[in-house]
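Chemist: Shown below is the structure under consideration.
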Amino acid sequence: MGRLIRSSIVSIVLALMVFIALTPILWTVLGSFKRLKDIITPVPKLFFSPTLENFATILQNPSIRQGLGRSVVVVGASVIIGAVLGVPAAYSLARHVRALKDDMQFFVLSLRFMPPVAIAIPFIVLYLDLGLYDTLTGLILVYLVTTISTVIWLSVPAFERVPKEIEEAAAMEGCGPGEIFLKFALPIAMPSLFGALVFTFVLVWNELLLALTLAAGNATLPVVAASITSLGKEVPWGVINASTVILVIPPLVFIGLLMSFINGMMKPARR
Amino acid sequence: MNNRRFLFWTLTPGFAVVAILALISIAGALYFSLMDRSLRYPDYHFAGLYNYQRLLSDRRFINALQISAIWEIVTVVGALVVATLLSVLIFETVKSFWLRNLICFAFLAPVLLPRVAAAFIWRFLYSPSLGLINYIVGLTGFGPVEFLADPSLALFSVAVVDIWQWGLFFTVIMLKLLETLPKDPIEAAQLDHAKTWEIHAYVTLPMLKAPIISLALVKAVESLRSFDLIYVMTGGGPGTATETLDLYAYQAGINLGGRISYASAMSILLLVLTTIVFTLIWRGIRKWAV
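Chains A and B, in that order, give the protein sequences.
Here the first sequence is numbered in the working numbering, starting from 53 and rising by one per residue.
Here the second sequence is numbered in the working numbering, starting from 160 and rising by one per residue.
Structure below.
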């Protein structure tokens, strides 16, 4: 009997936690289909006649459409450049560097310690002088710090997991280091590398402070979303919910990938 | 020979770009912190340590320092406590593979949300007049709670959102870590009639000491980037009750009159402080965890 009570308490706690994890998100999705009169009610409404008005408002709003486009350009470019420069560096770090490896890895990690304001303020002045202020190029350049360092940091363990014997065998066959990297190490490490890139994508997709300070005139999606509260006199909760949903969709698509990335990282390294 | 060239061409471009950009921002911040530059006037002069001296007697700065420290401690400890309790609970009670995966999926969703989106979602939930949370609070008979407008509650209300994102994410990671542990020590402890909580407190969690410390470090670093969450939810208010250092630096350097030099001095102090603290912790961990 006591056991039955205990197991049902456990089930209730777990169900409650899943509820807490998901309800805020689902409630927002629900809110994005509500008219304002269905939102401003003393008792929260679970059933109502849904409307697409909010999404129509948003998609017709040029600043949000442009924000979406700019986000895609900025995040795409900085992640791709970050991968092109970061992945080979991570491979060399994992396989060929001995003495300085720990220090170089710590350097990459220490870039994350830098407060974003400390990056933003000098770059405001510099960009004003260079004419890069409020440009996407400037923003991409600053994002490279985040993307390159994160890609290196997460890719080193991915390459360390590639069985050494394969690379040694390839070297015996007379393959150069570049060939071993491209033909053997890269394809084998690809699944974990993809996870690292997705993580990097989510980091810059969500970034607000640098975008707000360096390119407010060419606002990316988070900046546009953050400014919606002040659209009119009445707080347009339905529209806010809808824009939140749009902002949330791209990262949430990757949830399955993140899961398999975590599973892969947790497997003991093969030696 | 070929090997060296490969090494050079793979390592140099990435590290050079990152190092140059980091150097520009640090050197730039250091340079401006010694000047009296503001965005309002084009000319500026050398001011020595004036900005730093003013910071030390700036009560708003001291307040921001305290808020940042409280924020760091609450979010790091909160996320780890939530993760430890929940992961052990799931590890012990949910044996079905599918159910476990389903719970993990649910727990991963919050951390993927952009901070701006998470902030809006919870601002909506916290709203005193139309929020879901205040409706539930109202059912128990208490009046609407001003979660974000009450100075003594605001910081913790925002911290709850951060723990909602990171605590549940770390739960998934800790659960996976528990699954990778060898079974023998646990079975040995069971033979000794150890209680379940004793097994975890004395056997499994100590075995996971090193990864848990790295999780704490990662969380501490990420907690420094709280700007987006606080900016959208409270904007630092009410008053300065949730104004962390990065928020104050943003307000001083960009929003209010653009006192670039003053904000630079602030970010240099912040940089020095975090670098010292984290380097010490990093070195300490490596000695201790081995």
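Note that CB positions come from ideal geometry on N, CA and C, so glycine has one too.
All values reported here derive from a predicted model rather than from experimental measurement.
Does the beta carbon of residue 120(B) come closer than 8 Å to any beta carbon on chain A?
Modeler: Since the displayed chain B opens at 160 and closes at 449, residue 120(B) lies outside it and no answer follows.
Chemist: In chain B, which residues lie with their C-beta within 7 Å of the C-beta of residue 164(A)?
Modeler: In the first sequence, counting from the first residue as 1, residue 164(A) sits at position 112. Near residue 164(A) (Cβ distances below 7 Å), the residues of chain B are 380.
Chemist: Where residue 105(A) and residue 304(A) are concerned, what is the direct C-alpha to C-alpha distance, given to the nearest angstrom?
Modeler: Taking the first sequence and counting its residues from 1, one reaches residue 105(A) at position 53. Taking the first sequence and counting its residues from 1, one reaches residue 304(A) at position 252. Taking the straight line joining both Cα atoms gives about 23 Å.
Chemist: Is any beta-carbon of chain A found at less than 8 Å from that of residue 254(B)?
Modeler: Position 95 of the second sequence, counted from the first residue, corresponds to residue 254(B). No, because no Cβ of chain A sits closer than 8 Å to the Cβ of residue 254(B).
Chemist: What are the start and end residues of the alpha helix (DSSP H) that includes residue 165(B)?
Modeler: Working through the second sequence from its first residue, we reach residue 165(B) at position 6. The continuous alpha helix (DSSP H) containing residue 165(B) extends over residues 161-192.
Chemist: Measuring CB to CB, does residue 219(A) end up less than 8 Å from residue 236(A)?
Modeler: Here residue 219(A) is taken as the residue at index 167 of the first sequence, counted from 1. Here residue 236(A) is taken as the residue at index 184 of the first sequence, counted from 1. Yes, they are a contact pair.
Chemist: Are the beta-carbon atoms belonging to residue 196(B) and residue 419(B) less than 8 Å from one another?
Modeler: Locating residue 196(B) in the second sequence gives position 37, counting from the first residue. Locating residue 419(B) in the second sequence gives position 260, counting from the first residue. Going by C-beta atoms, residue 196(B) is nearer than 8 Å to residue 419(B).
Chemist: According to the Cβ coordinates, are residue 141(A) and residue 267(B) closer than 8 Å?
Modeler: One-based indexing of the first sequence puts residue 141(A) at position 89. One-based indexing of the second sequence puts residue 267(B) at position 108. Taking 8 Å as the Cβ cut-off, residue 141(A) and residue 267(B) do not qualify as a contacting pair.
Chemist: In chain B, what lies closer than 7 Å to residue 314(A) by C-beta?
Modeler: If you number the first sequence from 1, residue 314(A) lands on position 262. Within 7 Å Cβ-Cβ: 331, 332, 335.
Chemist: Quick one: residues in its chain with C-beta nearer than 7 Å to the C-beta of residue 249(B), no 5 flanking neighbours on either side, listed in chain order?
Modeler: By one-based count along the second sequence, residue 249(B) stands at place 90. Correct list, in chain order: 259, 262, 334.
Chemist: Taking 8 Å as the limit between beta carbons, can you name the residues of its chain near residue 204(B), skipping five residues before and five after?
Modeler: By one-based count along the second sequence, residue 204(B) stands at place 45. A distance below 8 Å between beta-carbons, with the five flanking residues on each side excluded, links residue 204(B) to the following residues of its chain, in chain order: 194, 195.
Chemist: In three-state DSSP terms, what is residue 205(B)?
Modeler: Residue 205(B) sits at position 46 when you count from the first residue of the second sequence. Residue 205(B): strand per DSSP, three-state reduction.
Chemist: Tell me, please, whether the stretch 310-318 of chain B touches the stretch 355-366 of chain B by the rule of three or more beta-carbon pairs shorter than 8 Å.
Modeler: They do not touch, by the three-pair rule.
Chemist: Give the secondary structure of residue 99(A) by DSSP, where H, G and I count as helix, E and B as strand, and everything else as coil.
Modeler: As a first step, residue 99(A) is located in the first sequence; it is residue number 47 there, counting from the start. Looking at residue 99(A) - three-state DSSP - the assignment turns out to be coil, as it is neither helix nor strand.
Chemist: Within 10 angstroms of the Cβ of residue 162(B), are there 16 or more other Cβ atoms? Answer buried if so, exposed if not.
Modeler: Residue 162(B) sits at position 3 when you count from the first residue of the second sequence. Label assigned to residue 162(B): exposed.
Chemist: Please state if the CB of residue 292(A) and the CB of residue 280(A) are separated by a distance shorter than 8 Å.
Modeler: Working through the first sequence from its first residue, we reach residue 280(A) at position 228. Working through the first sequence from its first residue, we reach residue 292(A) at position 240. Taking 8 Å as the Cβ cut-off, residue 280(A) and residue 292(A) qualify as a contacting pair.
Chemist: Between residue 231(B) and the rest of its own chain, which residues show a CB-CB distance below 8 Å, the 5 nearest in sequence each way excluded?
Modeler: To locate residue 231(B), count along the second sequence from 1; it is residue 72. Counting only Cβ-Cβ distances below 8 Å, and skipping sequence neighbours, we find 379, 382, 383.
Chemist: Secondary structure at residue 117(A), three-state DSSP: helix, strand or coil?
Modeler: Taking the first residue of the first sequence as position 1, residue 117(A) is located at position 65. Residue 117(A): helix per DSSP, three-state reduction.
Chemist: Using C-beta distances below 6 Å, list every residue in its chain close to residue 344(B), excluding the 5 sequence neighbours before and after it, in chain order.
Modeler: Position 185 of the second sequence, counted from the first residue, corresponds to residue 344(B). Within the same chain, residue 344(B) has close Cβ partners 362.
Chemist: Within 10 Å of its beta-carbon, does residue 216(B) have 16 or more other beta-carbons around it, so buried, or fewer, so exposed?
Modeler: As a working note, residue 216(B) is residue 57 in the second sequence. With fewer than 16 other Cβ atoms within 10 Å, it is exposed.
Chemist: Hey, out of 279(B), 237(B), 352(B), 219(B), whose CA is closest to residue 80(A)'s CA?
Modeler: Position 28 of the first sequence, counting from 1, holds the residue named residue 80(A). Nearest option by C-alpha distance: 279(B).
Chemist: With three or more C-beta pairs closer than 8 Å as the rule, is the stretch 128-145 of chain A touching the stretch 192-202 of chain A?
Modeler: yes
Chemist: Tell me which residues share the same chain as residue 97(A) and place their Cβ nearer than 6 Å to its Cβ, disregarding the 5 neighbours each side in the sequence.
Modeler: Indexing the first sequence from 1 puts residue 97(A) at position 45. The answer, listed in chain order, is 90.
Chemist: Should residue 401(B) go down as buried or exposed, given a rule of 16 or more other Cβ atoms within 10 Å for buried?
Modeler: Position 242 of the second sequence, counted from the first residue, corresponds to residue 401(B). Buried, since its Cβ has 16 or more Cβ neighbours within 10 Å.
Chemist: With distances taken between CB atoms, is the gap from residue 173(A) to residue 423(B) smaller than 8 Å?
Modeler: Mapped onto the first sequence, residue 173(A) falls at position 121. Mapped onto the second sequence, residue 423(B) falls at position 264. A contact, by the Cβ cut-off of 8 Å.
Chemist: Under 8 Å, Cβ to Cβ, is there at least one residue of chain A near residue 169(B)?
Modeler: Residue numbering aside, residue 169(B) sits at position 10 when the second sequence is read from its first letter. By this cut-off, residue 169(B) is an interface position.
Chemist: Establish whether the CB of residue 264(B) and some CB of chain A are separated by less than 8 Å.
Modeler: Locating residue 264(B) in the second sequence gives position 105, counting from the first residue. Yes, residue 264(B) lies at the interface with chain A (some Cβ there is under 8 Å from its Cβ).
Chemist: Which chain A residues sit within Cβ distance under 9 Å of residue 284(B)?
Modeler: Indexing the second sequence from 1 puts residue 284(B) at position 125. Those within 9 Å of residue 284(B) in chain A are 75, 76, 79, 80.
Chemist: Decide yes or no for the touch test of the stretch 158-174 of chain A against the stretch 176-189 of chain B: beta carbon pairs closer than 8 Å, at least 3 of them.
Modeler: yes
Chemist: Taking only three categories from DSSP, how would you classify residue 166(A)?
Modeler: By one-based count along the first sequence, residue 166(A) stands at place 114. Note: residue 166(A) maps to coil in three-state DSSP.
Chemist: Roughly how many angstroms lie between the CA atoms of residue 272(A) and residue 203(A), to the nearest whole one?
Modeler: Your numbering for residue 272(A) matches position 220 in the first sequence. Your numbering for residue 203(A) matches position 151 in the first sequence. For residue 272(A) and residue 203(A), the distance between alpha carbons rounds to 22 Å.
Chemist: Among the residues of its own chain, which have a CB less than 8 Å from the CB of residue 120(A), if the five just before and after it don't count?
Modeler: Looking up residue 120(A) in the first sequence gives position 68. 273, 298.
Chemist: Taking a Cβ distance cut-off of 9 Å, strictly less, list which residues of the stretch 168-187 of chain A are near chain B, in chain order.
Modeler: Of all residues in the stretch 168-187 of chain A, only 168, 169, 170, 171, 172, 173, 174, 175, 176, 177, 178, 180 place a beta-carbon less than 9 Å from a beta-carbon of chain B.
Chemist: Which of the three DSSP states is assigned to residue 269(B) in this structure?
Modeler: Here residue 269(B) is taken as the residue at index 110 of the second sequence, counted from 1. Helix, per DSSP.
Chemist: Report yes if the C-beta distance between residue 371(B) and residue 241(B) is below 8 Å; otherwise report no.
Modeler: Indexing the second sequence from 1 puts residue 371(B) at position 212. Indexing the second sequence from 1 puts residue 241(B) at position 82. It is not a contact, given that the beta carbons lie outside the stated cut-off.
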